[in-house]
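These notes concern the structure reproduced below.
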């Protein structure tokens, strides 16, 4: 049973109005502000999805989209456009936004640094390298093969960065970010070398994929991606309490019974897998993992790991970026780089002002 937690002599004052959600032996404290923000984001994403379903060479009004979604006897052409051609793209944008935002939230929580996202610390570049090797060297563009290559590339990169960041038995967040930036730069150079060393047609195909695009994705790729995402969501939900405790520091987390190294390793595997999943499906889409958790924290007003708000922000931002990308004729990855580059510049300037 859920109850509203208010400041009173008999209750802990958390400093904000909250709802205590309890399911058996598992309970969590949900801020009312976070619930309201989450509902608004979910409704905004739904509305934007309806707009996106109506976009294309043959435009559909929101009413026609809703009619095609709800009624079986609607215009067959509208139902074909909505269900077969446009709905997979919308669902891909939402799923990829959720995966990238969760990956960024986990890494930022583990590093306790707003720059600790897979884009910055090189894990996205590692997934890209693995996918490029499968596409150019092995010669396969099947989704499962590319997904396996992206996962292996991201896992190897994460292992190398993690080992390089270890000093005296501990992993410093600043050292992890610096090592990740260095490894990421090396991998980007390797990716360029791989592209140059192959034939023009293969390199062009890989370059188009590397721009990060949701074009051409259908139900065939959607359901394997959603299935793997659901498995990873369960893993993230399981490890999230331990990650929140790690924000207090390893010593404090161990005092509370958390196996710090084990929780961190599982969290890194889950976050890298989320990034690899998106890279395999749509190519490298940058800056969603960096920006979404920070935007979610500012909207909700919290400071800790905010998985659900981050996921909702990621879904909305990536879907909005794809809607704009369709209008201007750019791949969505190009648009997120433009927007994310501006956000990164602002973030670095804000961090500099705060420390001086």
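Residue numbers (my numbering): -12 to 343.
Just so you know, even glycine gets a beta-carbon here, dropped at the ideal spot from N, CA and C.
When burial is assigned at 16 or more other CB atoms within 10 Å of the CB, is residue i buried or exposed?
i: residue 341; result: exposed
i: residue 202; result: exposed
i: residue 284; result: buried
i: residue -4; result: Reliability fails at residue -4, whose pLDDT of 44 lies under 50, so the model's placement of it is uncertain and the value that follows must be treated cautiously. Result: exposed.
i: residue 336; result: exposed
i: residue 126; result: exposed
i: residue 178; result: buried
i: residue 73; result: buried
i: residue 221; result: exposed
My guess is that residue i and residue j are in contact by the Cβ rule of under 8 Å, so how many angstroms apart are they, rounded?
i: residue 280; j: residue 91; result: 5 Å
i: residue 105; j: residue 302; result: Not a contact, Cβ separation roughly 17 Å.
i: residue 327; j: residue 273; result: 6 Å
i: residue 299; j: residue 29; result: 6 Å
i: residue 209; j: residue 79; result: 6 Å
i: residue 71; j: residue 61; result: Contact doesn't hold; Cβ gap of about 14 Å is too wide.
Looking at residue j and residue i, is the spacing between their C-beta atoms short of 8 Å?
i: residue 77; j: residue 50; result: no
i: residue 255; j: residue 149; result: yes
i: residue 94; j: residue 103; result: yes
i: residue 261; j: residue 86; result: yes
i: residue 97; j: residue 144; result: no
i: residue 292; j: residue 231; result: yes
i: residue 267; j: residue 130; result: yes
i: residue 216; j: residue 294; result: no
i: residue 41; j: residue 33; result: no
i: residue 38; j: residue 310; result: yes
i: residue 193; j: residue 122; result: yes
i: residue 247; j: residue 237; result: yes
Kindly indicate which residue of the options has the alpha-carbon position closest to the one of residue i.
i: residue 99; options: 286, 277 and 79; result: 277
i: residue 89; options: 227, 198, 311 and 162; result: 227
i: residue 83; options: 334, 152 and 323; result: 323
i: residue 21; options: 286, 309 and 304; result: 286
i: residue 319; options: 81, 246, 187 and 53; result: 81
i: residue 23; options: 296, 321 and 334; result: 296
i: residue 133; options: 211, 225, 249 and 243; result: 211
i: residue 316; options: 222, 200 and 236; result: 200
i: residue 25; options: 39, 63 and 288; result: 288
i: residue 250; options: 57, 224 and 183; result: 224
Q: Could you tell me whether the region 131 to 140 touches the region 107 to 114, using the rule of 3 or more Cβ pairs below 8 Å?
A: In this structure the region 131 to 140 lies against the region 107 to 114, because at least three pairs of beta carbons, one per stretch, are closer than 8 Å.
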